[in-house]
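Chains as they are written, first to last, in our numbering: chain A, 1 to 547; chain B, 1 to 123. Cβ atoms here follow ideal geometry from the backbone N, Cα and C, with glycine treated the same way. Notes follow the structure.
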Amino acid sequence: MSSKLINKRTAATFFLGTAISGSWYTATSALLTGEIVPVVGAIVLAGLAPFGVNALRPGGNGSLDSHDMAQRLRAFDSHAIVNILDTCGVLKQVNDRFIELTGYTRDQLIGQPVSMLYNERSRELAAEMRAALKQGKTWQGETPLRCADGRVIQTQCTVMPLFNKNGDWTGSISARTDVTHANELLAERDTAETLYELRDDIWIVDAETHRFSYMNRVAMSRTGWRTEPYSERTLDDLAEKSGSHAILEACQSLAASGKVMAQFDTEMFGSHFQVTVKLLPIGGKAGRFLIMLNDISDIIDEERMKSEFISMVSHELRSPLTSIKGSMGLLLSRAAGELPSKARALLEISHRNADRLVLIINDILDLEKISTGQLEFNLEETDIAELLRETSAANSSLEQRHGVRIQVENTDTPMQVTTDPNRVIQVLTNFLSNAAKFSKPGERITIRAEENDHELRISVSDRGQGIPASEEHKVFQRFADLSNSKRAEKGGTGLGLSVCKAIVENLGGKIGFDSREGFGTTFYFTLPKKNSQVAAEETASLLREAS
Amino acid sequence: MIKLLHVEDDADIREIALMALELSGDFDVVQCETGEAALKQVQSYTPDVILLDMMMPGMTGRQTLEKMREMDSLRDVPAIFMTARAQHNEIEELRDLGAADVISKPFDPIALADQVKAAMQAA
């Protein structure tokens, strides 16, 4: 092959192609003619540029002879992972380093689309790479490679286009360096730095000796052990210092029980913490405890202030409402004489809406108490059958107001359950009120109780307009506006069913509804029945945990 | 006529309660703005029933009742609280304190007279 017939691009293609197939010396001998050496060297070294070897570029310290070039190319071959593709992205050649690193045989690779080595990320980059190559540009960046055993390695990659003697694009050559380990080290360093700078206190202690093996910055600062090495301390030292007995007890309990994680709130160092203790086993044995302390003092203060604010606002609203409702009530009762009919109608609207405002305030207070675990539940043995009859009678005013009939079914025999009767009445009253509002005069509303071995199911059915299927998911949402609800007109608060759901769930039951648009709705809730005492204890325990 | 002492700091609520109780025609109502004023009033006036607001500046309704209970003449007089804080536990606490009933605010003025009479009867 005459070097004079080879243009610079062809020389590069020939040289690299030969080199990559493993015949470095063939390639090198072709270089000895002289003209192509600087070109090939430039291409190869351009490929090495990202690896910080620009100093090797010829010209910096004299001309490059063929012997030097051969040695340097050998060094390059042993360092870089190199492959050549045709224009369709099919692997034409790979070097030994490529084989060694990816774990494929040469036969498994040659003739295969390079996409066999891709993952999601490399597929994204391939289009970008291809666009650069088509324009004769070099592409550089980090790309993943999928190995024969499924591992994915990260490579720092330089891809250059290859052209034939006519200047046509014939494919590309890629030179890569495996940067997986470097990336992992960087990630580990980032993790360690993040952990160290974390706002939460992090302790790691030996599971047997309780000796500290790690503390992050905030933990050292809080314990005052920044200067004293914490590795000479144990959890027992801290328990004496700060009163953090709960953590010590949690560690002892985890070690004894075989459980792996405990979470609780406790007060230490004058702050309120949410503590997570995790047992990290090493080699099947109890190894270390990872203890994370999240300072939630601010959150608790905020919640307390929010709760106090809502409570204060709600109660402050009640005083003027007492006067407003009281005045209107007296006027409507003719305490100040007979009113003109139009004035009376307007007053009735005002009175009705004042009632609604009171209900909204009550619901807001209930929801606030539920969210902070302050809503009280007083569990007692209750005959639900009798409770349903009483609730029906207490809501008889709905019959007059809406012209409906309330009927109680299946309550002839007592149905005992341990629950909070007042809260059950609250839920039932809400169901009845909704049913009455959405029923036409003359329609019947049915209260029904059913029982099986496990639970009681209490339902209220109406024959009203029903709930559109497309809006069923909104029913228990706060202030949900269903298209046919006419909430404002019907006097709803938009909170009642949310409150009911929270109450029922707190009582250990489930709430739901069945509805068919145009035919009516049945709202129901269940209460655990079997072993009612046990269920009550569980409920009480849940409530204690919730609060 | 039933002699009723009403202690309430809100003038509007005092007026509404007065009208509501007078409507029934069964009550002779004396009203005070504060707990301190009520304690002075009872030196010369022994009511048959006391209607007490809970939240008042100065002495609260609870403190007022505690002081009244120290007086022989008022030890057994039925007391009814009116409160905007009508949570179950608070109502129980007030009952433990000797309250004959706890009326939630806003109250129904038309039902007020009957509620007071019922509480007196139950006490």
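Neighbouring residues, chain A, relative to residue i (Cβ below 9 Å)
| i | result |
| --- | --- |
| P47/B | Near P47/B there are no residues of chain A at all, since even the closest Cβ is about 22 Å away, more than 9 Å. |
| R69/B | Simply none; closest approach about 26 Å. |
| M1/B | The contacting residues do not exist; M1/B stays about 19 Å from chain A at best. |
Neighbouring residues, chain B, relative to residue i (Cβ below 7 Å)
| i | result |
| --- | --- |
| T322/A | I13, K105, P106, F107 |
Residue j beta carbon less than 7 Å from that of residue i
| i | j | result |
| --- | --- | --- |
| L235/A | H210/A | yes |
| S502/A | I370/A | Reading off the sequence, residue 502/A comes out as Ala, not Ser. It is a contact, given that the beta carbons lie within the stated cut-off. |
| T382/A | T429/A | no |
| A435/A | V460/A | yes |
| R106/B | V427/A | Reading the sequence as shown, one finds Pro at residue 106/B and not Arg. No, the Cβ-Cβ distance between P106/B and V427/A is not below 7 Å. |
| K306/A | L290/A | no |
| L133/A | P113/A | no |
| V102/B | I91/B | yes |
| E455/A | T526/A | yes |
| M59/B | G35/B | yes |
| E33/B | D9/B | yes |
| D462/A | T521/A | yes |
| A97/A | I81/A | Reading the sequence as shown, one finds Arg at residue 97/A and not Ala. The answer is yes: Cβ separation under 7 Å. |
| L91/A | L109/A | yes |
| L125/B | P47/B | In the structure displayed, chain B extends from 1 to 123; residue 125/B sits before or after that span and is not available. |
| M328/A | L347/A | yes |
| A385/A | M415/A | yes |
Within chain B, the residues that residue i reaches when beta carbons sit closer than 8 Å
| i | result |
| --- | --- |
| H315/A | M55, A84, R85 |
| R318/A | A84, K105, P106 |
| V358/A | P106 |
| G496/A | Going along chain B, no residue has its Cβ under 8 Å from G496/A, so there is no contact; the nearest lies around 18 Å. |
Neighbour list for residue i in chain A, Cβ cutoff strictly below 7 Å
| i | result |
| --- | --- |
| I110/B | G329, S333 |
| I16/B | S323, G326, S327, L330 |
Beta-carbon neighbours of residue i, restricted to chain A and to distances below 8 Å
| i | result |
| --- | --- |
| L23/B | L330, S333, A335 |
| D10/B | S319, T322, S323 |
| D19/B | It should be noted that the sequence gives Met, not Asp, for residue 19/B. Per Cβ cutoff of 8 Å: L330, A335. |
Start and end residues, beta strand (DSSP E) containing residue i
| i | result |
| --- | --- |
| Y196/A | Run containing Y196/A: none in the beta strand (DSSP E); it sits in the alpha helix (DSSP H), 180 to 197. |
| K3/B | 2 to 7 |
| I103/B | 99 to 104 |
| N353/A | No beta strand (DSSP E) holds N353/A; the alpha helix (DSSP H) holding it covers 341 to 371. |
| G141/A | 139 to 146 |
| D265/A | 261 to 268 |
| D201/A | 201 to 206 |
| R516/A | 511 to 516 |
| D108/B | No beta strand (DSSP E) holds D108/B; DSSP gives it neither H nor E. |
| I447/A | 444 to 451 |
| A335/A | Per DSSP, A335/A belongs to no beta strand (DSSP E) and is neither H nor E. |
| S271/A | 271 to 282 |
Endpoints, the alpha helix (DSSP H) within which residue i is located
| i | result |
| --- | --- |
| R222/A | 217 to 223 |
| I384/A | 384 to 394 |
| E455/A | Here E455/A belongs to no alpha helix (DSSP H); instead the beta strand (DSSP E) covers 455 to 462. |
| Q41/B | 35 to 41 |
| K92/A | First-last for K92/A: 91 to 94, but that is the beta strand (DSSP E), not the alpha helix (DSSP H). |
| G167/A | Element bounds for G167/A: n/a, residue is neither H nor E. |
| L184/B | Coverage of chain B is limited to positions 1 through 123, which leaves residue 184/B absent and any answer about it impossible. |
Residue i beta carbon near the ligand SAH (any heavy atom closer than 6 Å)
| i | result |
| --- | --- |
| R334/A | Although the ligand SAH was asked about, the structure shown includes no ligands whatsoever. |
Touch check for the region 443 to 450 of chain A and the region 398 to 418 of chain A: three-plus C-beta pairs under 8 Å? The region 443 to 450 of chain A vs the region 398 to 418 of chain A: in contact.
Counting only Cβ-Cβ distances shorter than 7 Å, please list the residues of the region 371 to 387 of chain A near chain B, keeping chain order. E376, N378
May I ask you to verify whether the region 200 to 219 of chain A touches the region 117 to 137 of chain A, counting CB pairs closer than 8 Å and requiring at least 3? no
Count Cβ pairs between the region 267 to 281 of chain A and the region 292 to 299 of chain A that sit closer than 8 Å; are there 3 or more? Segments in contact, yes.
Say whether the region 113 to 120 of chain B touches the region 20 to 36 of chain B, bearing in mind that this needs 3 or more beta-carbon pairs closer than 8 Å, one atom from each stretch. yes
Can at least three beta-carbon pairs, one atom from the region 186 to 194 of chain A and one from the region 163 to 172 of chain A, be found at a separation below 8 Å? By the Cβ test, the region 186 to 194 of chain A is not in contact with the region 163 to 172 of chain A, since fewer than three Cβ pairs between them sit closer than 8 Å.
Count the CB pairs spanning the region 458 to 473 of chain A and the region 325 to 337 of chain A that are closer than 8 Å, and state whether there are at least three. Here the region 458 to 473 of chain A does not lie against the region 325 to 337 of chain A, with fewer than 3 beta-carbon pairs under 8 Å apart.
Is the region 122 to 137 of chain A close to the region 146 to 162 of chain A, with three or more CB pairs under 8 Å? yes
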